[in-house]
Structure formats: C-alpha cells, structure tokens
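Structure first, commentary second.
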Amino acid sequence: MARYAYARVSDKEQHSDRQVTNIKKYYPDIQDENIFIDKITGKTYDRPEYSVLTKRILRAGDEIIFSELDRVGRTKAGIKDELEFLKKKGVKVRALDIPSTLYDAEGKEQDLILDLVTTILIEVYSTLAQQELERKEYRQRQGIEEAKKRGVYKGRKPIDVNMTKFADIYKRWKSGELKTVEARTLSGLKNNTFYRTVERYEEQYKLGKYASEAI
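Pasting the structure below:
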C-alpha cells in the first residue's frame with residue numbers, strides 16, 4: 001500500500017503550502033515525491049498532476065489524501081464522479097475535513113469502514129448535485145419568465161454539435177472507457193447539454209442516421 005497526497009490551488013490563491021502543511025501535520029511520513037499539486041487558472045480546469053496520479057500511479061489498496069474534500073472536484077457532481085471512480089479503482093480516500101475518513105485500524109476493519117464512508121459521501125454528493133442542478137434550473141426558469149413578461153426573451157440558440165465526433169465520444173463513454181466528466185470535456189458540452197445530446201444521438205441512432213459512426 002502506498003500513500004499519496006493531492007493539493008489544488010487556484011490562481012487567486014498564493015500557494016499550496018497551507019494544504020501540504022496540514023497534510024504533513026497529520027501524515028508526517030508522507031514523501032515529497034508522493035505529493036501532487038495542480039494550479040488551476042480561471043480559464044481552465046485542467047489537472048495534469050491529478051490525472052497522472054489517479055490514472056497512471058494509483059493502484060488498488062493505495063491511499064490518496066486531500067486537505068479538504070472539495071479539492072476532489074470543482075462541482076458537487078464532479079466530486080461524486082471522482083469518488084465513484086476512486087472507489088471502483090480500490091483506492092482509499094482520506095480528507096482532513098472529514099474525520100470519519102481518517103479512521104485508522106488494521107486490515108479488513110479499516111477497509112470496510114472507509115468503503116462505507118465513501119459510499120455515504122457519494123450518496124450525499126449525489127443529492128447535493130441534484131439539488132444544485134434543480135436550484136440552477138429554477139433560477140433559469142424564473143429568469144425566462146421575467147424576460148417573457150418584459151418581452152425580451154428570444155430563446156436560446158441551439159448548440160451546434162458535431163455528431164460524427166460525438167459518436168466516438170459516446171461509444172467510449174457508454175463502454176466505461178471515459179467518465180462523464182471526461183466525455184463532457186472532450187465534447188465541449190456542459191452537463192445538461194451533454195445529456196440532451198446523448199438523448200438526441202440515441203434517438204437518431206435508433207433511426208439509423210449515425211449507425212456507421214457508432215460501430
């Protein structure tokens with residue numbers, strides 16, 4: 001079992017020292033080479049160090065430590081997706097701001113407890129993500145109604161999606177090769193638009209329009 005840590009800072013933050021210091025305070029034996037750090041700018045959310053750690057280095061039984069759980073992802077839905085991915089990979093997740101993830105015991109007892117905690121966190125973030133989405137949709141509906149009353153609502157211009165390119169992304173996403181976050185990023189679509197495009201593609205695929213691209 002190997003132990004790794006991850007820190008994420010935005011361009012508004014000065015440095016990652018606080019996160020790393022807190023992690024080392026709790027886990028003083030962690031090696032510097034096992035600490036991965038990304039700096040996120042306002043224009044992009046690329047996390048090259050995180051990708052290397054989670055996709056190439058982490059193995060089943062390893063641990064990944066965060067100073068705060070919100071460093072796992074940018075949104076509630078993103079955090080849920082990452083927790084599901086790490087759980088499926090067999091990686092133990094520890095976050096200093098979630099004391100139940102810091103439980104230390106020997107053997108199967110620890111594994112069972114951490115697995116249970118991760119499952120609960122996934123459920124919690126799934127609920128929070130849904131609530132976040134519903135609040136956003138409610139605000140959008142309210143805004144549209146107000147715009148209609150003022151006579152200034154013209155509707156949203158449909159997003160032009162290259163369905164031939166999307167067919168390949170869809171196939172890789174459906175097979176499990178890509179996570180939802182990765183598929184959305186590759187297709188350049190936001191969450192709601194991505195799922196609407198999936199529905200559109202599946203409907204047109206049934207009609208045979210994109211059958212050749214999905215093979």
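Counting from 1, position 99 in the sequence shown corresponds to residue 99 in full-length UniProt numbering; the numbering is continuous, with no gaps.
Glycine included, every Cβ here is placed at the ideal spot set by N, Cα and C.
query: Let me confirm a value: Gln19 is counted as buried when at least 16 other C-beta atoms fall within 10 Å, else exposed. Which label applies?; result: buried
query: I'd like to know if the region 57-75 and the region 91-109 are in contact, where contact means that at least 3 CB-CB pairs between them fall below 8 Å.; result: yes
query: Where does the unbroken beta strand (DSSP E) through Tyr50 begin, and where does it stop?; result: No beta strand (DSSP E) holds Tyr50; the alpha helix (DSSP H) holding it covers 48-52.
query: How many whole angstroms separate the CB atoms of Glu22 and Ser67, which I take to be in contact at a CB cut-off of 8 Å?; result: For the record, residue 22 in the displayed sequence is Asn; it is not Glu. Between Ser67 and Asn22 the Cβ distance is about 5 Å, and since that is below 8 Å, they are a contact.
query: Would you say Trp173 faces chain D, with C-beta separation under 8 Å as the test?; result: In the structure shown, chain D cannot be found, because there is only a single protein chain.
query: Leaving out the 5 sequence neighbours to the left and right, which residues in its chain are closer than 8 Å to Met1 when beta-carbon positions are compared?; result: Gly61, Asp62, Glu63
query: Would you call the CB atoms of Lys76 and Tyr125 closer than 8 Å?; result: yes
query: Is the distance from the Cβ of Tyr6 to the Cβ of Tyr50 below 8 Å?; result: yes
query: Thinking just about the alpha-carbon of each residue, which of Thr164, Lys149, Lys88, Val9 is nearest to the one in Thr118?; result: Lys88
query: Buried or exposed, going by whether 16 or more other CB atoms sit within 10 Å of the CB of Val198?; result: buried
query: Tell me whether Asp81 is buried or exposed, calling it buried when 16 or more other Cβ atoms sit within 10 Å of its Cβ.; result: buried
query: Determine the direct distance from the alpha carbon of Arg150 to that of Val9, and round the result to whole angstroms.; result: 42 Å
query: Output needed for Leu86: all residues of its chain with C-beta closer than 6 Å, excluding positions within five of it in sequence on either side, in chain order.; result: Val93
query: Among residues of its own chain, excluding the 5 on either side of Lys24, which ones have a beta-carbon nearer than 7 Å to its beta-carbon?; result: Ile30
query: Sorted by chain position, which residues of the same chain lie with C-beta nearer than 7 Å to residue 221's C-beta, five sequence neighbours on each side aside?; result: Here the chain has residues from 1 to 215 only, and residue 221 is not among them.
query: Does the Cβ of Thr164 have 16 or more other Cβ atoms within 10 Å, making it buried, or fewer, making it exposed?; result: exposed
query: By the three-class DSSP mapping on this structure, what secondary structure does Ser10 have?; result: strand
query: In the structure shown, what three-state DSSP assignment does Asp38 receive?; result: strand
query: To the nearest angstrom, report how far apart Arg172 and Tyr201 are at their CA atoms.; result: 14 Å
query: Among Lys136, Ile65, Ile79, Ala183, which has the Cα closest to the Cα of Leu102?; result: Ile65
query: At 3 residues or longer, what runs of the beta strand (DSSP E) sit wholly inside the region 78-112?; result: 92-95
query: Using the C-alpha atoms, what's the distance from Leu121 back to residue 293?; result: The requested residue 293 does not occur in the structure, where the chain is confined to residues 1 to 215.
query: Return the Cβ separation of Ile40 and Asp11 in integer angstroms, given the expectation that the two are a contact with Cβ distance under 8 Å.; result: 7 Å
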